[in-house]
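Everything on this sheet refers to the single structure shown next.
Chains as they are written, first to last, in the numbering used here: chain A, 3 to 225; chain B, 3 to 225.
What follows is the structure in structure tokens.
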């Protein structure tokens, strides 16, 4: 990733540019802390927005899907313009005025052309990245991947060259609520939100919990 | 909402139709339990996918934004085709094979034309719905909304007429992993994920926590 996040005309923030974060490490940290994105593309029937997993390898995000899906059929005809967005909701911001409420969040938007990955070795690397993106360290615990595994899915690549990050943190602000009357007796502040894991539910023969579950518990605390 | 979720050609599930949920109450429950969606539309620069809040009133979803935003400028020229997606990640599904892993999830996709709301009373109702969608009961605690509040934002409406729901629940399946060797010693099962609230962080003068925070705690348990 470059030392600063370059903004292209379409990734430059038009609204609330003060919420842009141009630190590539912050952008990478958001991507690396998550595994679900929303992917938008223009289908023949209109815009489509689907939640899907991704995996990052250096400057490329990889996506996978069924070879028979509509998006994969489109990409087989050539690169498809997409917008990939990863969003983290960090909290709800309460203000005295309804329209002064806000959300604390971090979001990354990547624009570019999704291309079909055809090199079998790159497909295998991409599937490995996807597996470890969801649960770091999981790949090493799985049955080794076979050529049949790689043939069963289609893999897309999307460059991080055009990416932007936007965020809001902190309590209610005068900017959000310029005429906020401090004497209106409504509770103000922030309710933080985060994702936690429940107790793992084993399937199949009893086995000790593997190291990847401990790493997952570090990311998503258990009760 | 109709008694069954009608599927249009573009909301009918092509991939994994067994994951469709045609129960309108289930679809409504997903929408009502969340407040953030991802909205996709086709801009001049390509597809755009933005996280944003929504509020549901009967068969309409309302969205708000800055009047000067690119989407609002487009909608002022006429209805804009959009895809609105609400996704809930319920857990990570572990299987012996990397490609047998999956996610438990519920997602709702709404396709249609976003239209600009111009009636001041409907704008006020929409902003009220948005406020209470994020935190049920919050509106009644806020300073009453003024005409200036309504003038400061642009509001979009999107009908729920074309909506579909997809979900996956449960442990690793033979369908996902047809050649899953039961003797491969990898832990299998599900790690549930959910959203929780942290301790509220008050801003401004000390005030007792209002009823809306208790309701929020019912949705997002505190530690």
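Don't be surprised by glycine CBs; every beta carbon is placed ideally from N, CA and C.
Enumerate in chain order the residues of its own chain whose CB-to-CB distance from residue i is below 7 Å, with the five nearest sequence positions on each side excluded.
i                      : result
residue 45 of chain A  : 72
residue 3 of chain A   : In this prediction, residue 3 of chain A scores a pLDDT of 41, lower than 50, which makes its location untrustworthy; no coordinate-derived value is stated.
residue 127 of chain B : 59
residue 13 of chain A  : 111, 113, 164, 165, 166
residue 247 of chain B : Missing from the structure shown is residue 247 of chain B; chain B here goes from 3 to 225 and no further.
residue 2 of chain B   : The structure shown does not extend to residue 2 of chain B, since chain B spans only 3 to 225, so no value can be given for it.
residue 28 of chain A  : 167
Beta-carbon within less than 8 Å of residue i's beta-carbon, same chain only, minus the 5 sequence neighbours each way: which residues are those?
i                      : result
residue 62 of chain B  : 159, 160, 161, 162
residue 143 of chain A : 212, 213, 214
residue 195 of chain B : 91, 92, 93, 94
residue 76 of chain A  : 43, 45, 82
residue 219 of chain A : 199
residue 21 of chain A  : 15, 168, 169, 170
residue 96 of chain B  : 103, 174, 188, 189, 190, 191, 192, 193
residue 68 of chain B  : 74, 155, 156
Take the Cβ of residue i as the centre, count every other Cβ of all protein chains shown within 10 Å, and call the residue buried at 16 or more, exposed below.
i                      : result
residue 172 of chain A : exposed
residue 164 of chain A : buried
residue 103 of chain A : buried
residue 134 of chain A : buried
residue 151 of chain A : buried
residue 116 of chain B : buried
residue 209 of chain B : exposed
residue 122 of chain A : exposed
residue 149 of chain B : exposed
residue 19 of chain B  : exposed
Which class does residue i belong to by DSSP, given the choice of helix, strand or coil?
i                      : result
residue 83 of chain A  : strand
residue 34 of chain B  : helix
residue 133 of chain A : helix
residue 57 of chain A  : strand
residue 3 of chain B   : Confidence at residue 3 of chain B is low in this model, with a pLDDT of 41, below 50, so its placement is unreliable and no value can be given for it.
residue 144 of chain B : coil
residue 215 of chain B : helix
residue 151 of chain A : helix
residue 105 of chain B : strand
residue 126 of chain B : helix
residue 164 of chain B : coil
residue 98 of chain A  : coil
residue 223 of chain A : coil
residue 78 of chain B  : helix
residue 2 of chain B   : Summary: the structure shown does not reach residue 2 of chain B, with chain B confined to residues 3 through 225, and so no result is reported for it.
residue 204 of chain B : strand
residue 194 of chain A : strand
residue 209 of chain A : coil
residue 188 of chain B : coil
Once the 5 residues before and after residue i are set aside, which same chain residues still bring their CB inside 6 Å of it?
i                      : result
residue 224 of chain B : 199
residue 141 of chain A : 130, 133, 134
residue 138 of chain B : 217
residue 36 of chain B  : 88
residue 186 of chain B : 98
Let me make sure I understand the geometry here. Which of the options has the alpha-carbon closest to that of residue i?
i                      : options                   : result
residue 206 of chain A : B:201, B:127, B:188       : B:188
residue 80 of chain B  : B:99, B:58, B:114, B:100  : B:114
residue 157 of chain A : A:40, A:216, A:133, A:74  : A:74
residue 169 of chain B : B:151, B:149, B:110       : B:110
residue 108 of chain B : A:52, A:70, A:57, A:221   : A:52
residue 65 of chain B  : A:47, A:101, A:38, A:67   : A:101
residue 70 of chain B  : B:99, B:146, B:155, B:57  : B:155
residue 221 of chain A : A:68, A:10, A:123, A:136  : A:136
residue 47 of chain B  : A:28, A:57, A:10          : A:10
residue 57 of chain A  : A:105, A:125, A:28, A:120 : A:125
Do residue j and residue i come within 8 Å of each other at the CB atom, strictly closer than that value?
i                      : j                      : result
residue 50 of chain B  : residue 85 of chain A  : yes
residue 33 of chain A  : residue 78 of chain A  : no
residue 40 of chain B  : residue 87 of chain B  : yes
residue 145 of chain B : residue 98 of chain A  : yes
residue 197 of chain B : residue 197 of chain A : yes
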